[in-house]
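The structure under discussion appears below in the form of structure tokens.
Number of protein chains: 2
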Amino acid sequence: MSRLTIQANSHSYDVVIEAGIRHHLNQWVPDNYKEILVITDQEVASHYLDDVITSLQGRSVHTHVVPSGEASKSMSQYQVLLDKCIEVNLDRKSLIIALGGGMVGDLAGFTASTYLRGIDFIQMPTTILSHDSSVGGKVGINHPRGKNLIGSFFNPVGVLYDVETLHSLPSKEIRSGYGEVIKHALLSDRSWLEDLLETSFDNVRNARLIHDLEKGIQVKAGIVEKDEREQGIRKFLNLGHTLAHAIEAELGYGKITHGEAVAIGILFSLQLSERKAGATRLPVGSYVNWMERSGYPIHSIQTLQPVELLKRMKVDKKTVDHRVHMVLLKGIGEPCVVPVGDEEMLAELERFLNEVIQ
Amino acid sequence: MSRLTIQANSHSYDVVIEAGIRHHLNQWVPDNYKEILVITDQEVASHYLDDVITSLQGRSVHTHVVPSGEASKSMSQYQVLLDKCIEVNLDRKSLIIALGGGMVGDLAGFTASTYLRGIDFIQMPTTILSHDSSVGGKVGINHPRGKNLIGSFFNPVGVLYDVETLHSLPSKEIRSGYGEVIKHALLSDRSWLEDLLETSFDNVRNARLIHDLEKGIQVKAGIVEKDEREQGIRKFLNLGHTLAHAIEAELGYGKITHGEAVAIGILFSLQLSERKAGATRLPVGSYVNWMERSGYPIHSIQTLQPVELLKRMKVDKKTVDHRVHMVLLKGIGEPCVVPVGDEEMLAELERFLNEVIQ
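Chains A and B, in that order, give the protein sequences. Taking the UniProt record's numbering, the leading residue of the first sequence gets 1, the next gets one more, and so forth. Taking the UniProt record's numbering, the leading residue of the second sequence gets 1, the next gets one more, and so forth.
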């Protein structure tokens, strides 16, 4: 078992990483919650919902299952969930448990943050990717015009991470998770990064996984504890995300996993860092090799248009005065934010897409 | 000019009360906001929107006008507003101004709190009632099953109160505002209360109005500064509201003003306080006289059913473990919270409605 304490603005909470923790929830979920609503998706429900219900024996537990996939992070599912909260009479002393990946955590967390102006919720991540989203208090839903445009800052009262649930992940979800893991390495630690770039996903074992999740969460927590509201350094966590969000929106939500899009966005940022941030020692070559070896779907973006991508990038929350602000790296562990004008960005996107086609 | 500083959890902000402040907005709205979206309703727009636009000359100002009335505090108007924010490209350095009464403030504030996970907003109240809602950070929308069930805690960066805009209020809006003013007096100050109970709305002058608004805001601020998240004493501000919300929902939103419903709910609470909180010195008789003299529409509730009212009251956010928690008074300035069981509540509602019919 590993246990980290995160100091949020409003309260501190623990992240507990343990194999099989889903079987011992009565030990970890405080017993003053009389009503509990477990929100999950169809895929996760088929594997783990019964375990969770069984381990909450003796409590008043309600469940709600949304369709799997990013498309559920929508205004309409949000409304369905609010209706559900009211239907099962959740009050301010009730608890929502988000059992699933980032989509479920963001959707259930946004519901918890706005139902009765906020009730407690616990994150139970079931993907590698959600080591990222389950910590730091960002919750929200998508808008047809862009990802996460609607949301709030609202921290869980706990994160219970059962690494056993990661065994059922398909390979594209492992790739997706490691898109954020590698981002955390790029933001912090050259030796961890080099280690990751040599790893093949075919033989990721439990110990490796726990090590990477812990390190990733530590990097994230270290940043959000200093800047929860993204006034400053938290922006660095958006490395690779400005283009990634645009790619996801242009391809249509769910066509590519979030972390795969992030990995592609990171490649763009690494290249741009050499031209715009004076970076000279970035391992761009071995990063490309790692992406190819691991099967990141970089060619899926070759049909996209620079003009359309730029339009999407400008809806990004980091856009200020209509100029896109990119997170770049001066070196490993040395992020910075650089504004990029429209013409330059179009030329860079053009170049990047041409390279990808080859 | 009067100026109060409110210390919220996240930041402090000023409430400026001044006649004609709408004509001097460039002096009060910081000039680092490049994009400004003014949200108002049809009624207020017809009187004051031009003044506001004129006084923000030189800024990039967008406007959005929603239909007047509580029915606009809805999920559908919220979505329209989010679309508008995106359409006019508001970014994190943009500002929303809520120009109007509580409905506009709550709706625009909830939009500001969840657009890009929160952007700045300024309250410009145009009713007496919104001396209450514009301070304290509660924003939100209604659900068909109950008022304010969806929302968040999100404080404005400033409140600019132009008392000149109160001159255009119809008499039912003056009654509505004084429903909350009298609540603040009941929670704090017997001599102010006695003074109010002797006042007739026919001759409320500017000086009286400014005095009452200042005192009301001071009472509210004094409580929310100590308990923004309503963990404890902030509950006292719900005096009269548990029944008021039920009345508004049962009659249909907009059929009775909020403050008129609160004034009726307070009467119920005062009577209940004598039986359930040991109160002996409450001025119930002069309160009834004041209501009748001022034209509060107490008879409008005589068609309502106790069973239906109780159902509504149980959806209230203060309900814990399915028991209604009522704010009562042990004396003037001495509020308390008392749980009331279903049967007793039904009997009390029955008695109250029978009295009203007479």
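Glycine included, each C-beta is placed from N, C-alpha and C at the ideal position.
| field | Environment of ALA249 of chain B [buried if 16+ CB atoms lie within 10 Å] | value | buried
| task | Would you tell me roughly how many angstroms separate the C-alpha atoms of MET291 of chain A and SER300 of chain A, rounded to the nearest one? | result | 13 Å
| request: Using a Cβ cut-off of 9 Å, pull out every chain B residue sitting near PHE153 of chain A, in sequence order please. | output: Residues of chain B passing the Cβ test: ARG117, GLY118.
| query | Is THR257 of chain A buried or exposed, if buried means 16 or more other CB atoms sit within 10 Å of its CB? | reply | The residue in question, THR257 of chain A, is buried, as its Cβ has 16 or more Cβ neighbours within 10 Å.
| task | Could you check the C-alpha separation between residue 359 of chain A and GLY278 of chain A for me, to the nearest Å? | result | The question about residue 359 of chain A has no answer, for chain A in this structure spans 1 to 358.
| said: For residue 438 of chain A and LEU81 of chain A, what's the separation of their Cα atoms in angstroms? | reply: Limits of chain A in this structure are 1 at one end and 358 at the other, which puts residue 438 of chain A out of reach.
| said: Taking its Cβ as the centre, do 16 or more other Cβ atoms sit within 10 Å of ALA347 of chain A, making it buried, or is it exposed? | reply: Result: exposed.
| request: Would you decide whether VAL307 of chain B is buried or exposed? Buried here means 16 or more other CB atoms lie within 10 Å of its CB. | output: exposed
| field | Collapsed DSSP secondary structure at HIS167 of chain A in the structure displayed | value | helix
| message | Spatial neighbours of PRO339 of chain A within its chain, please: C-beta separation below 8 Å, excluding the five flanking residues on both sides. | response | VAL320, ARG323, VAL324, HIS325, MET326
| query | Is DSSP giving GLN218 of chain A helix, strand or coil here? | reply | helix
| field | Partners in chain A for MET345 of chain B, counting only beta-carbon separations shorter than 9 Å | value | What MET345 of chain B touches in chain A: nothing, since even the nearest Cβ is about 16 Å away.
| What in chain A is Cβ-close to GLY140 of chain B, meaning under 7 Å? | ARG117
| Residues of the segment 26 to 55 of chain A whose Cβ lies closer than 7 Å to any Cβ of chain B, in chain order | LYS34
| task | Would you kindly work out how many angstroms separate the C-alpha atoms of ASN289 of chain B and PRO297 of chain B, rounded to a whole number? | result | 13 Å
| query | Hey, quick one: how far does the alpha helix (DSSP H) through LEU272 of chain A stretch, first residue to last? | reply | 258 to 276
| request: List the endpoints of the continuous alpha helix (DSSP H) containing THR111 of chain B. | output: Taken as a continuous stretch (DSSP letters only), the alpha helix (DSSP H) holding THR111 of chain B covers 102 to 114.
| query | For the segment 83 to 114 of chain B, which residues have a CB atom closer than 9 Å to at least one CB atom of chain A, in sequence order? | reply | Result list: ASP83, CYS85, ILE86, GLU87, ASN89, ASP91, ARG92, LYS93, PHE110, SER113, THR114.
| query | Does the distance from the C-beta atom of VAL29 of chain B to that of LEU4 of chain B stay below 8 Å? | reply | no
| request: May I ask which residues mark the beginning and end of the alpha helix (DSSP H) holding SER55 of chain B? | output: 50 to 55
| message | With the cut-off set at 8 Å, would you say GLN305 of chain A and VAL356 of chain A are in Cβ contact? | response | no
| query | Does the beta carbon of LEU239 of chain A sit closer than 8 Å to a beta carbon anywhere in chain B? | reply | no
| task | In the DSSP assignment, find the unbroken alpha helix (DSSP H) run with THR242 of chain B in it and report its ends. | result | 241 to 251
| task | May I have the straight-line CA-CA distance separating ALA19 of chain B from LEU209 of chain B, to the nearest angstrom? | result | Taking the straight line joining both Cα atoms gives about 11 Å.
| request: Step through the CB atoms of chain A and report whether any lies within less than 8 Å of the CB of GLN77 of chain B. | output: no
| task | State the beta-bridge partners of MET124 of chain A as determined by DSSP. | result | A:LEU99
| Nearest-angstrom Cα separation, counted from PHE154 of chain A out to ARG229 of chain B | 13 Å
| message | Quick check: the Cα distance between THR165 of chain A and GLY140 of chain B, rounded to an integer number of angstroms? | response | 37 Å
| message | If you measure between the beta carbons of THR40 of chain B and VAL104 of chain B, is that distance less than 8 Å? | response | yes
| message | Please report the distance separating the alpha-carbon of GLY179 of chain B from that of ALA8 of chain B. | response | 25 Å
| Run through DSSP, which three-state label would PRO335 of chain B get? | DSSP places PRO335 of chain B in the strand class (E or B) of the three-state scheme.
| Endpoints, the beta strand (DSSP E) within which GLU35 of chain B is located | 35 to 41
| message | Just checking: is the beta-carbon of HIS245 of chain B within a distance shorter than 8 Å of some beta-carbon in chain A? | response | Chain A, which has no Cβ nearer than 8 Å to the Cβ of HIS245 of chain B, makes this no.
| Buried versus exposed call for PRO170 of chain B [16 or more other C-beta atoms within 10 Å across all chains shown] | exposed
| query | Mind checking if ARG145 of chain A is an interface residue toward chain B, Cβ cutoff 8 Å exclusive? | reply | yes
| query | Quick one: what does DSSP say ILE210 of chain B is sitting in, helix, strand or coil? | reply | helix
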